[in-house]
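Asks: So in my numbering, the last one in the sequence shown is 179, and the numbering has no gaps at all.
Glycine included, each C-beta is placed from N, C-alpha and C at the ideal position.
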Amino acid sequence: MFKIIVFVGLLMVPTLPVAERDRISFSAKYTIPIVPVGPTTFEVIEADGAGGTQLWCAGGIFTRRVLGVERGNLTVKNVRGPSQMVLGRNAVTFTTDIVPGAKKSYSEGVRTAGKTMSIAHANALCDPDVIGNLKIRLPNGQLVYR
């Protein structure tokens with residue numbers, strides 16, 4: 034039995050560097066459109082198969098890099114559903130405003146209005162080893178990276 038385990042282990046050793054190299058080449062890439070609704074509110078449009086984690090990350094990037102807000106909270110104003118700004122697309126609306134009844138959350142779901150996450154937490158979700166490479170696209174076509 035021991036010889037079989039050692040043999041199988043030795044067979045796997047040469048494949049580890051290849052697996053690590055290929056993991057990077059298959060990394061997901063997301064370009065998420067963002068449409069401002071007002072000075073503190075914006076829609077994150079679903080794209081490239083993005084899930085809740087990617088949508089929060091995109092909201093965090095927009096809040097920090099475009100709005101210039103480093104501290105505070107990001108709150109789901111309108112849950113994931115038909116976009117108000119882009120016909121035929123789904124979106125989630127985030128705001129940096131204080132929302133009465135908002136509840137702090139550590140999960141990345143976007144189907145509950147009032148779910149709140151710190152801007153720092155939303156940006157921390159952007160780890161490329163976890164979600165792949167993500168950038169946002171502004172209405173003027175400009176790409177913004179983490």
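Taking contact to mean at least 3 C-beta pairs separated by less than 8 Å, is the segment 68 to 78 in contact with the segment 147 to 157?
Replies: no
Asks: When you compare only the Cα positions, how much space is there between R56 and L176?
Replies: Working through the sequence shown from its first residue, we reach residue 56 at position 23. Working through the sequence shown from its first residue, we reach residue 176 at position 143. With a pLDDT of only 46 at R56, under 50, the local geometry of the prediction cannot be trusted, and no value is derived from it.
Asks: Output needed for E141: all residues of its chain with C-beta closer than 7 Å, excluding positions within five of it in sequence on either side, in chain order.
Replies: As a working mapping, residue 141 is identified with position 108 in the sequence shown. Once the five neighbours on either side are set aside, the close Cβ partners of E141 are G85, T86, W89, L158.
Asks: Assuming E79 and T126 make a contact with CB atoms under 8 Å, what is their CB distance in whole Å?
Replies: By one-based count along the sequence shown, residue 79 stands at place 46. By one-based count along the sequence shown, residue 126 stands at place 93. So it is not a contact: roughly 12 Å between Cβ atoms.
Asks: Tell me the rounded alpha-carbon separation between S138 and S116.
Replies: Reading the sequence shown from its first residue, position 105 is the one you call residue 138. Reading the sequence shown from its first residue, position 83 is the one you call residue 116. S138 and S116: Cα-Cα distance of roughly 23 Å.
Asks: Whose C-beta lies closer than 8 Å to the C-beta of A135 among residues of the same chain, with five residues either side of it excluded?
Replies: Locating residue 135 in the sequence shown gives position 102, counting from the first residue. Here the set comprises N106, T108, G147, K148, T149.
Asks: What span of residues does the beta strand (DSSP E) with I94 cover, start to end?
Replies: Translated into positions along the sequence shown, residue 94 becomes position 61. From DSSP, I94 is part of no beta strand (DSSP E) but of the alpha helix (DSSP H) over 85 to 94.
Asks: Give me, in chain order, the residues of the same chain whose beta-carbon lies closer than 7 Å to that of G92; leave out the 5 immediate sequence neighbours on both sides.
Replies: Position 59 of the sequence shown, counting from 1, holds the residue named residue 92. Excluding residues within five positions, the ones whose Cβ falls inside 7 Å are V77, L107, F127, A155.
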